[in-house]
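Undergrad: To start, I am sharing the structure in question, which I have written as structure tokens.
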Amino acid sequence: MSRTILGIAGYYHDSAAALVRDGEIIAAAQEERFTRRKHDPSFPVNAINYCLEEGFVDAADLDAVVFYDNPLLTFDRVVQNACAGGPEGRRLFAQAAGNLLGDKIWVNEHVQRTLGTLGREGRVLFTEHHMAHAASAYYPSPFDSAAVLTIDGVGEWATTSLGLGHGRRLELFAEIDYPHSLGLLYSAFTSFCGFKVNSGEYKLMGLAPYGRPEYADRIRDHLIDIRPDGSYRLDMAWFGYIDGMAMAGPRFAELFDGPARAPESQITRREMNLAASIQQVTEDIVLRTARHLRRLTGEKNLVLAGGVALNCVANGKLAKAGLFDGIWIQPAAGDAGGALGAALMAHHGYFEAPRARPAGAGDAQRGSYLGPRYSSAEILAFLDRKGYRYHRITDRDERLALVAQALAAGKIVGWLSGRMEFGPRSLGARSILGDPRNPRTQATMNLKIKYRESFRPFAPAVLREKCAGYFDYDGDSPYMLMVAPVREDRRRPMDTSAFEGGGDDMMALINQPRSDVPAVTHVDYSARIQTVDRDSHPEFRALIEAFERLTGCPLLVNTSFNVRGEPIVCSPQDAYRCFMRTGIDLLVLEDVLLWRSEQAPLPDDEDWRKTYELD
Ligand SMILES: [Fe+2]
183 MSRTILGIAG YYHDSAAALV RDGEIIAAAQ EERFTRRKHD PSFPVNAINY
233 CLEEGFVDAA DLDAVVFYDN PLLTFDRVVQ NACAGGPEGR RLFAQAAGNL
283 LGDKIWVNEH VQRTLGTLGR EGRVLFTEHH MAHAASAYYP SPFDSAAVLT
333 IDGVGEWATT SLGLGHGRRL ELFAEIDYPH SLGLLYSAFT SFCGFKVNSG
383 EYKLMGLAPY GRPEYADRIR DHLIDIRPDG SYRLDMAWFG YIDGMAMAGP
433 RFAELFDGPA RAPESQITRR EMNLAASIQQ VTEDIVLRTA RHLRRLTGEK
483 NLVLAGGVAL NCVANGKLAK AGLFDGIWIQ PAAGDAGGAL GAALMAHHGY
533 FEAPRARPAG AGDAQRGSYL GPRYSSAEIL AFLDRKGYRY HRITDRDERL
583 ALVAQALAAG KIVGWLSGRM EFGPRSLGAR SILGDPRNPR TQATMNLKIK
633 YRESFRPFAP AVLREKCAGY FDYDGDSPYM LMVAPVREDR RRPMDTSAFE
683 GGGDDMMALI NQPRSDVPAV THVDYSARIQ TVDRDSHPEF RALIEAFERL
733 TGCPLLVNTS FNVRGEPIVC SPQDAYRCFM RTGIDLLVLE DVLLWRSEQA
783 PLPDDEDWRK TYELD
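Going by my numbering, the first residue of the sequence shown is number 183, and it counts up by one from there.
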């Protein structure tokens, strides 16, 4: 008998839905991609409808609907937090409770209203938040058994959980509870350095290579007590998130040489050093915890999820440390992935369905290409209706040769191909692509497409078997979750003599060619790698092969298909709009090519910059 389960994450940030049938992942998508509202926290009506359509399933036929955390436990934390927080805490409580009472507590009602049903069991199932993260890491992994580590800001209470997956069973046996949280510690530094909490963490990680970890000892001496097994306690006197709105408390300024950096103001040497310092502390905790887990469980493999698992620099260090034979990280490691974990947990935990990964089968994440796809017929109907000029080239070799030629000539390509990615990284289904060898690619992509001046390089998508020819890494990294060094023989010396600190200096440094693939090489010669194998996305793979045939270079610059502040594009309409609003030269929609030079300007589009908070 077939069993179909819908998983839902929502109400906090990054709402999402996922559909699992007989343990197989059928579909998963984030709500923001449909509503075009970044990190959309609302009940994921659009994502749910998409998942049901993709699975050809009526809501009435769902065997279960599962929510990714337990709102009553979260409520319990909010109440206790308020009691501990004094008058300010009570004000926060009113706000948070309003949220919870208004939305989360009524999950059943929302589901009923949206679906007209609660599944055959007649009620919504709930997993605990970290269990959902853990399930999203373990069940799709290629391993029969594995140690499990989840680290995020906060679930109901847990902020770090240790567990063990074996066959269909998954247990969490130790946890660190709120307010002690590595995720929130990292977020406190994110906000203190002037970046947005819950989205700027990636920027802070990208800033770290410019700095020296000069504040690491101060962090260890005052903010956090780290034990040899990786467990830790924060000294809450330094933080603001229990009794105030700020993540970092007012005393951060005492310890870290002055007040917080104002958002969008110049980045100085201090922020670089703070970024390097908190990165070092984070890596230290992750490594100690992993070592402890290895000793406790004796497992050869490790799986990871939770927002901190998106710290690909720490992941790279973890892989290099060789503590485990295999590491698998859920690509949707943030809360969106909880939808998938919740559904898988219900299948194997609640319904007790066995789990067996055939030997050598790889993971069950399907390349994380789990979102909507658009057929050529749909694309042509859209383009014809709008009267846009296009060229359909059905011969694949001919088509990809043209795209490769454009890339080699320095053109920037918007690329929509196959099912949309689940998770925050673009992996060649909704990507903006460029030539990594060209010293101008990085600046062009930043200024003409993303409308920003960024101190971070882009990521390379490299043919799996050619990875070791460019990077000191010869493993799989299909989800762009590992950072590794560029090989020494490809590096070029950098002139750092003029580098004093922030602003123009940083840009001068990042704009110096640092290797023969400068657009993807960071100032510490590291790169955030996506390896592209033969099976996951044949069309994307074939494009890189075509580029290699033409140029000898087996990698492309791969960045997300959006402008700054916008969710990654989903539909051909989204892609066309982004193409026309930016300096993308060539748009590829499956087997259809559109040249920028042949398009008429978009009418009535002058206000779009405001929508995405570019300024
Ligand atoms: Fe989480």
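Ideal Cβ placement from N, Cα and C applies to all residues, glycine included.
Using the Cα positions of Ala-246 and Tyr-384, report the straight-line distance between them to the nearest angstrom.
TA: So the two alpha carbons sit approximately 35 Å from each other.
Undergrad: Smallest Cα separation from Val-668: which of Met-602, Lys-568, Phe-506 and Asp-656?
TA: Measuring from the Cα of Val-668, the nearest candidate turns out to be Asp-656.
Undergrad: At a Cβ threshold of 8 Å, is Gly-489 touching chain C?
TA: In the structure shown, chain C does not exist; there is a single protein chain.
Undergrad: What three-state label does DSSP hand Met-602 in the structure shown?
TA: Note: Met-602 maps to coil in three-state DSSP.
Undergrad: Less than 7 Å separating the Cβ of His-311 from some heavy atom of ligand 1?
TA: Yes; taking the cut-off as 7 Å, the Cβ of His-311 has a heavy atom of ligand 1 nearer than that.
Undergrad: Cβ of Val-739 within 8 Å of Cβ of Gly-596?
TA: No, the pair does not count as a contact, with Cβ atoms beyond the cut-off.
Undergrad: So for His-573, helix, strand or coil by DSSP?
TA: His-573 falls in the strand class under three-state DSSP.
Undergrad: Would you say the beta carbon of Gly-596 is closer than 7 Å to some non-hydrogen atom of ligand 1?
TA: For ligand 1, not one heavy atom lies less than 7 Å from the Cβ of Gly-596.
Undergrad: Hey, Tyr-250 and Gly-592: beta-carbon distance below 8 Å or not?
TA: No, the Cβ-Cβ distance between Tyr-250 and Gly-592 is not below 8 Å.
Undergrad: Within 10 angstroms of the Cβ of Arg-305, are there 16 or more other Cβ atoms? Answer buried if so, exposed if not.
TA: With fewer than 16 other Cβ atoms within 10 Å, it is exposed.
Undergrad: For Asp-196, is the classification buried or exposed, using 16 other Cβ atoms within 10 angstroms of its Cβ as the cut-off for buried?
TA: With 16 or more Cβ atoms within 10 Å of its Cβ, Asp-196 is classed as buried.
Undergrad: Please name the residue in Gly-542, His-530 and Arg-746 whose C-alpha comes closest to that of Arg-634.
TA: If we check each option's Cα against that of Arg-634, Arg-746 comes out closest.
Undergrad: Closest to Ile-561 by CA distance: which of Ser-599, Ala-590, Phe-533 and Asp-545 is it?
TA: Answer by Cα proximity: Ser-599.
Undergrad: Looking at the structure shown, is Leu-663 part of a helix, part of a strand, or coil, going by DSSP?
TA: The answer is coil: DSSP assigns Leu-663 none of H, G, I, E or B.
Undergrad: Just to confirm, is the Cβ distance from Ala-317 to Leu-526 under 8 Å?
TA: Cβ distance < 8 Å, so Ala-317 and Leu-526 count as in contact.
Undergrad: Whole angstroms are fine: how far does the CA of Arg-400 sit from the CA of Phe-421?
TA: Whole-angstrom Cα-Cα distance: 15 Å.
Undergrad: Taking the alpha carbon of Pro-700 as the reference point, which residue from Ser-718, Cys-735 and Val-336 has its own alpha carbon closest?
TA: It is Cys-735.
Undergrad: Please go through the same chain and pick out, in chain order, the residues whose beta-carbon is closer than 7 Å to the beta-carbon of Ser-323, but skip the five residues on each side of it.
TA: The residues are Val-485, Trp-510 and Asp-545.
Undergrad: Comparing alpha-carbon positions, which option in His-221, Val-463 and Ala-211 lies nearest Cys-233?
TA: The option with the nearest alpha carbon to Cys-233 is Ala-211.
Undergrad: For Lys-568, count the other beta carbons within 10 Å of its own beta carbon; 16 or more makes it buried, fewer makes it exposed. Which is it?
TA: Label assigned to Lys-568: exposed.
Undergrad: Can you list, in chain order, the residues of its chain with a C-beta nearer than 8 Å to that of Ile-726? Leave out the 5 residues immediately preceding and following it.
TA: Cβ within range, chain order: Ala-643, Val-644, Leu-645, Val-714, Pro-736, Leu-737 and Leu-738.
Undergrad: Return the CA-CA distance between Pro-432 and Met-454, expressed in angstroms with no decimal places.
TA: Between Pro-432 and Met-454, the C-alpha separation is close to 20 Å.
Undergrad: Out of Ser-636, Gln-781 and Ile-230, state which residue places its alpha-carbon closest to the alpha-carbon of Gln-448.
TA: Among Ser-636, Gln-781 and Ile-230, the Cα nearest to that of Gln-448 is on Ser-636.
Undergrad: Looking only at its chain, what residues have a beta carbon closer than 7 Å to the beta carbon of Asp-654, apart from the 5 residues adjacent to it on each side?
TA: Counting only Cβ-Cβ distances below 7 Å, and skipping sequence neighbours, we find Ala-666, Pro-667 and Arg-669.
Undergrad: Closer than 7 Å: is that where the CB of His-315 sits relative to any heavy atom of ligand 1?
TA: It does: the Cβ of His-315 is within 7 Å (strictly closer) of some heavy atom of ligand 1.
Undergrad: Straight-line CA distance for Asn-380 to Asp-577?
TA: Each residue's Cα considered, the two are about 43 Å apart.
Undergrad: Between the Cα of Lys-803 and the Cα atoms of Arg-619, Asn-231 and Ile-614, which residue gives the shortest distance?
TA: This structure gives no information on residue 803, because the portion of the chain shown stretches from 183 to 797.
Undergrad: Using the Cα positions of Thr-186 and Ala-329, report the straight-line distance between them to the nearest angstrom.
TA: Looking at the two C-alpha atoms, the distance is approximately 27 Å.
Undergrad: So which residues touch the region around ligand 1, with touch meaning a C-beta under 5 Å from any heavy atom?
TA: Cβ atoms closer than 5 Å to ligand 1 belong to Asp-334 and Asp-517.
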